[in-house]
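Protein chains in written order, with the working numbering: chain D, 867 to 1108; chain U, 2 to 393.
These notes concern the structure reproduced below.
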């Protein structure tokens, strides 16, 4: 396996994965690269896909590679965002090339790393919202509580949080939303710290496609690598009371 | 009792000390278990000295916390009250250029056999009645004028590090792996046996430093092991404290939850049960645990068990102190009580919920209060997981 890509794209992929895990199993094949990860508490999952065209150069057979993400993050600190990075698998090592710098690191044994199964969710409501509005809602919630409640109705998308005395609400009516499809109102509560980390790690996305049900996981789809790749993020809800 | 306790802790300790005072003069000829103590007041100039009972003989048991968990509180207090603490003020860096007194204490800290001593105090040792401490209690104290020791047989494993320049963490880990008991490592650390620049460490800090360091290393190890297959609950009921330890078949997370009902030690006047807890998720925690040294002592006990099982688990340690728990016995008590729980046969459960219900049924405090007081139980009951939903 040998691939060449923009540093900025690899940085984004690594940062997104690091919101959930410190090591991950990357799957390469002729068509491109994919990676799936679930956090240790099994509350969130991310699925990233970058097709062959998202790379500057790409050649790979069917291969699985276990990577220590903290190490890659350190390597990326040696590069500027405008740089190009090349990486090659040689035996049990991965060698990075940035300009005239080479840096090798051992691969992690993937035999104990399972690839998470992606649940098949029937989520009845969908909205497409600007990342900036979503980020505002998350940041407002973060200062008040460790939960945020999201709601989609046929006419609006709402994010709200109630603390003991404080309340924060971001409300986007239909005409401020790119797309909305919802027959019945749906509502779920989510742990806000996961979403805070997620929006911080996003770099390319301008819009989020959000799928939801009531007391069901949220599915968020967004662009990575400047639109060349796709990400799907799943987050399980919090249910108050038994 | 007005304060609501079954017996007065102050009086209990007072009587024990009074019995001691009758035996005490300015001179004590006695066999130290051996025990040493490093105070924390005035740091970096601290009071160091031996713990010496006015007894000759095999006193080793008096300073081996690993052997105390089956004792009654009264016997324990009585035993520790006979240990007289001698004090001399030194700068912590004096551990590095020791005089005769310091060398004697350092050799005592490396020994596992009692050491016969002659001590002359500035005045007759007096007891202070100060409950509320993380270190094991001791008896009267007084400044030391003269101190001499008989021959000392030191533990070779410890001595090696006294002359070695290995880092403190390396020394602590290597001794632990070599089977040296934790309380001996803690004592040695307090007397500045380890490291390139040797320093005294207040006893109280040395205990938690060792518990924290060892369990942190063990946590990283168990993260490589598979999760347990079934939920289990371990119980221990010793020294007026009940512990129920829940292992859930999930990745590592850990919490210690303590409940003090009205009339107990840390809640003497309250009308409501008082719950305190500290926790860590898989990634660990960076700041010092809110509830102090107990957190790390219990973490060591549970990670030792998981290492033996070669498994990882989500661990919730629940502790209820009874009104008959009269005074804090020291962090050792939590470590050994949880270790005792780990020695007992666990109850195995088909479901996580059953395990949690069983654990909580060990206590008088109602279910809702435990869940309310525990971050991990709250997460268990409110936070869904990805696998709870249909999978293709």
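Backbone N, C-alpha and C define an ideal beta-carbon position, used for all residues, glycine too.
Exercise for the section: Quick one: residues in its chain with C-beta nearer than 7 Å to the C-beta of residue 919 (chain D), no 5 flanking neighbours on either side, listed in chain order? Expected result: 1094
| said: So with CB distances below 8 Å, who are the chain U contacts of residue 1104 (chain D)? | reply: 383, 384 and 385
Along the alpha helix (DSSP H) that carries residue 163 (chain U), what are the first and last residues, could you check? 157-164
Next item on the list: Check the Cβ of residue 1039 (chain D) against every Cβ in chain U and list those closer than 8 Å, keeping chain order.
Entry: Going along chain U, no residue has its Cβ under 8 Å from residue 1039 (chain D), so there is no contact; the nearest lies around 30 Å.
Quiz prompt | Buried or exposed by the 16-neighbour rule on C-beta atoms within 10 Å, applied to residue 988 (chain D) | solution = exposed
- beta strand (DSSP E) segment containing residue 1 (chain U), residue limits: Here chain U has residues from 2 to 393 only, and residue 1 (chain U) is not among them.
- Since residue 191 (chain U) contacts residue 116 (chain U) with CB under 8 Å, what's their CB separation in whole angstroms? About 16 Å separates the two Cβ atoms, so there is no contact after all.
CB of residue 1106 (chain D) within 9 Å of CB of residue 1089 (chain D), strictly
no
For residue 143 (chain U) versus residue 157 (chain U), is the C-beta spacing smaller than 9 Å?
no
*asked:* Contact defined as beta carbons within less than 8 Å: I believe residue 339 (chain U) pairs with residue 372 (chain U). What is the distance between those atoms, to the nearest angstrom?
replied: The beta-carbon separation of residue 339 (chain U) and residue 372 (chain U), rounded to 21 Å, does not stay under the 8 Å limit for a contact.
Within 9 Å, strictly: CB atoms of residue 183 (chain U) and residue 245 (chain U)
no
Review point. List, in order along the chain, the chain U residues whose C-beta lies closer than 7 Å to that of residue 840 (chain D)?
Key: Residue 840 (chain D) is absent from the structure shown; chain D starts at 867 and stops at 1108.
On the three-pair Cβ rule with 8 Å, is the region 76-84 of chain U touching the region 41-49 of chain U? no
I believe residue 1037 (chain D) touches residue 1024 (chain D) by the beta-carbon criterion, under 8 Å. Please report the beta-carbon distance rounded to the nearest angstrom.
The beta-carbon separation of residue 1037 (chain D) and residue 1024 (chain D), rounded to 5 Å, stays under the 8 Å limit for a contact.
task = Helix, strand or coil for residue 20 (chain U), going by three-state DSSP, please let me know.
result = helix
**Item:** The beta strand (DSSP E) enclosing residue 275 (chain U), as first and last residue numbers
**Value:** 275-281
Quiz prompt | 9 Å Cβ cutoff, residue 390 (chain U) in contact with chain D | solution = yes
Below 8 Å on the Cβ atoms is my guess for residue 1058 (chain D) versus residue 1007 (chain D); work out the distance and round it to an integer in Å. 5 Å
Subject >> Closest by C-alpha distance to residue 106 (chain U), when choosing among U:39, U:367, U:297 and U:181 >> reply: Residue U:39 is the option with its Cα nearest to residue 106 (chain U).
- Item | Cβ-Cβ distance between residue 248 (chain U) and residue 237 (chain U) below 9 Å | no
| message | Among the candidates D:976, D:1047, D:898 and D:906, whose CA atom is the shortest distance from the CA of residue 923 (chain D)? | response | D:898
Do you know whose CA, among U:147, U:100 and U:165, lies nearest residue 122 (chain U)'s CA?
-> Taking residue 122 (chain U) as reference, the option from U:147, U:100 and U:165 with the minimal CA-CA separation is U:147.
message = Which residues does DSSP list as the beta-bridge partners of residue 970 (chain D)?
response = Checking the DSSP bridge columns, you'll see residue 970 (chain D) partnered with D:961.
Grouping DSSP H, G and I as helix and E and B as strand, with all else coil, what is residue 1048 (chain D)?
Residue 1048 (chain D) carries a coil assignment under DSSP once its states are collapsed to helix, strand and coil.
Bounding residues of the alpha helix (DSSP H) (the contiguous stretch that carries residue 987 (chain D)): Per DSSP, residue 987 (chain D) belongs to no alpha helix (DSSP H) and is neither H nor E.
- prompt: Is there contact here, the region 961-974 of chain D with the region 1011-1022 of chain D, by at least three beta-carbon pairs under 8 Å?
  reply: No, they do not touch.
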